[in-house]
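Numbering (our numbering), first residue to last: 2 to 339.
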């Protein structure tokens with residue numbers, strides 16, 4: 002990937018003067034994790050990736066954006082023997098990757114990332130060296146398939162998606178990233194059907210003629226601009242007192258307008274305030290994405306539905322009351338999870 006080669010300085014990694022950045026991050030962040038390799042392994046990997054660079058793209062002006070293309074410079078590659086993770090040979094970058102894939106540490110590291118992404122929020126990666134996984138049996142199961150298939154991700158994912166613990170994952174809660182939250186809300190409210198002028202304001206907007214952070218950045222995520230090459234820390238690190246206030250406020254504001262087609266459709270489908278309050282709450286939860294709320298939150302929503310039911314239920318008051326219940330349900334902290 003030319004972008005990663007540039008970001009990690011491998012275009013400055015030469016046989017006569019190696020740059021270890023790409024080799025180090027490959028092992029630390031993207032395959033094995035800290036503590037499963039040595040400094041000598043980093044040097045050997047870096048030597049193997051010498052000559053991996055990219056062709057300079059056409060200039061931005063007046064040509065516009067053109068992608069850079071990968072390029073291998075034979076004259077800049079170190080063809081000498083290297084010892085990497087206990088194996089010795091005239092390795093190039095592809096050989097290094099093949100050796101990495103065979104390591105049990107890689108199988109565990111990748112499996113834990115998959116579990117974190119698809120099933121349940123794990124602790125942050127820096128603690129993985131000392132802290133056990135949330136589900137050690139699941140990680141062992143995925144690691145076994147990874148090693149048996151030579152890192153076949155299709156086989157590993159199939160094992161995951163067919164497992165009992167994956168099917169039971171509805172009992173867990175994963176914090177939505179800011180992008181997931183905003184995209185999900187916009188889809189539900191139906192404000193935008195296509196990328197049209199105005200949708201970019203959720204990432205960056207203007208105030209008195211100056212560009213300022215939009216809600217996405219205020220929640221802690223700037224698209225295409227992660228804080229480090231590692232990406233964003235996920236899970237509960239998305240949440241603090243400031244970002245939680247912005248997240249809940251954003252959802253509340255988006256569901257405020259009953260004229261939005263998605264909001265109106267959900268209100269129509271929830272039913273009437275004459276219905277059983279528990280059923281009204283259940284429908285709201287289902288329409289908003291089968292939210293798993295705490296017992297305390299559920300009881301509070303039912304009590305609120307009962308209170309709304311005491312309002313005179315003519316056509317106007319009824320729809321307004323149901324809309325208020327839907328908005329209240331979406332504004333719960335539980336909606337911030339998936």
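The C-beta atom is built at its ideal place from N, Cα and C for all residues, glycine as well. Predicted, not measured: the structure shown is a model, and the values here were computed from it.
**Sequence ranges, alpha helix (DSSP H) only - wholly within the stretch 244 to 317, length at least 4** = 262 to 271, 278 to 288, 296 to 310
**Residues that residue 113 bridges to, as DSSP identifies them** = Answer is none; residue 113 lacks a bridge partner.
**Prompt:** What's the call for residue 86, buried or exposed, on a 16-neighbour Cβ count within 10 Å?
**Reply:** buried
**Message:** Please give the ranges of any alpha helix (DSSP H) in the stretch 20 to 55, keeping only runs that are unbroken, at least 4 residues long and fully inside the region.
**Reply:** If we require 4 residues or more, the alpha helix (DSSP H) runs fully inside the stretch 20 to 55 come out as 22 to 29, 40 to 49.
**Request:** Kindly give me the distance between the Cβ atoms of residue 400 and residue 258, rounded to whole angstroms, as I take these residues to be in contact under 8 Å.
**Result:** Nothing about residue 400 can be reported from this structure: the residues present for the chain run from 2 to 339 only.
**Request:** With DSSP collapsed to three states, give me the class of residue 208.
**Result:** Confidence in residue 208 is poor, its pLDDT being 48 and thus under 50, which makes the residue's placement too unreliable to answer from.
**Item:** Given 8 Å, three or more beta-carbon pairs between the stretch 242 to 256 and the stretch 175 to 194
**Value:** yes
**Prompt:** Would the beta-carbon of residue 74 fall within 8 Å of that of residue 94?
**Reply:** The Cβ-Cβ distance between residue 74 and residue 94 does not fall below 8 Å.
**Asked** If you drop the 5 nearest sequence neighbours on each side, which residues of the same chain put their C-beta closer than 8 Å to that of residue 166?
**Response** 120, 136, 138, 139
**Prompt:** What is the C-beta distance between residue 48 and residue 79, in whole angstroms, given that I count them as a contact (C-beta under 8 Å)?
**Reply:** 4 Å
**Message:** If you measure between the beta carbons of residue 134 and residue 149, is that distance less than 8 Å?
**Reply:** With respect to residue 149, residue 134 sits apart: the two C-beta atoms are not nearer than 8 Å.
**Message:** With a threshold of 8 Å, are at least 3 pairs of Cβ atoms found where one atom belongs to the stretch 24 to 33 and the other to the stretch 102 to 112?
**Reply:** yes
**Asked** Straight-line CA distance for residue 291 to residue 54?
**Response** 47 Å
**Message:** With H, G and I counted as helix, E and B as strand and the rest as coil, what does DSSP make of residue 174?
**Reply:** coil
**Request:** With residue 90 as the anchor, note down where its beta strand (DSSP E) starts and where it stops.
**Result:** 88 to 90
**Message:** Which residue marks the beginning of the beta strand (DSSP E) containing residue 16, and which one marks its end?
**Reply:** First-last for residue 16: undefined, no H or E at that position.
**Asked** If you draw a straight line from the C-alpha of residue 238 to the C-alpha of residue 129, how long is it?
**Response** 16 Å
**Message:** So for residue 239, helix, strand or coil by DSSP?
**Reply:** helix
**Request:** Take residue 179 as the anchor and find which of 227, 109, 306, 141 has the nearest alpha-carbon.
**Result:** 227
**Asked** Between the C-alpha atoms of residue 17 and residue 76, what's the straight-line distance to the nearest angstrom?
**Response** Cα to Cα, residue 17 sits roughly 11 Å from residue 76.
**Item:** Same chain only: Cβ atoms within 7 Å of residue 192, ignoring 5 sequence neighbours per side
**Value:** 261
**Prompt:** What is the rounded straight-line gap between the Cα of residue 96 and the Cα of residue 157?
**Reply:** 22 Å
**Message:** Judging by CA-CA distance, which residue of 36, 337, 269 is the nearest neighbour of residue 131?
**Reply:** 36
**Prompt:** What did DSSP end up calling residue 1 once you bin it into helix, strand or coil?
**Reply:** This structure does not reach residue 1, given that the chain is present from 2 up to 339, and the question cannot be answered.
**Request:** Taking all protein chains shown into account, decide if residue 10 is buried (16 or more other Cβ within 10 angstroms of its Cβ) or exposed.
**Result:** exposed
**Item:** Unbroken beta strand (DSSP E) run spanning residue 85, endpoints
**Value:** 83 to 85 is the extent of the beta strand (DSSP E) around residue 85.
**Asked** When burial is assigned at 16 or more other CB atoms within 10 Å of the CB, is residue 304 buried or exposed?
**Response** Exposed.
**Request:** Use the C-beta contact count for residue 232: other C-beta atoms within 10 angstroms, 16 or more gives buried, fewer gives exposed.
**Result:** exposed
**Request:** Look at the Cβ atom of residue 294, then the Cβ atom of residue 281, and state whether they are nearer than 8 Å.
**Result:** no
**Item:** residue 73, DSSP secondary structure in three states
**Value:** Note: residue 73 maps to strand in three-state DSSP.
**Prompt:** When the Cα of residue 220 is compared with those of 230, 229, 235, which residue comes out closest?
**Reply:** Minimum Cα distance to residue 220 is reached at 235.
**Request:** Look up residue 147 in the DSSP assignment and give the residues it is bridged to.
**Result:** In DSSP, residue 147 forms no bridge with anything.
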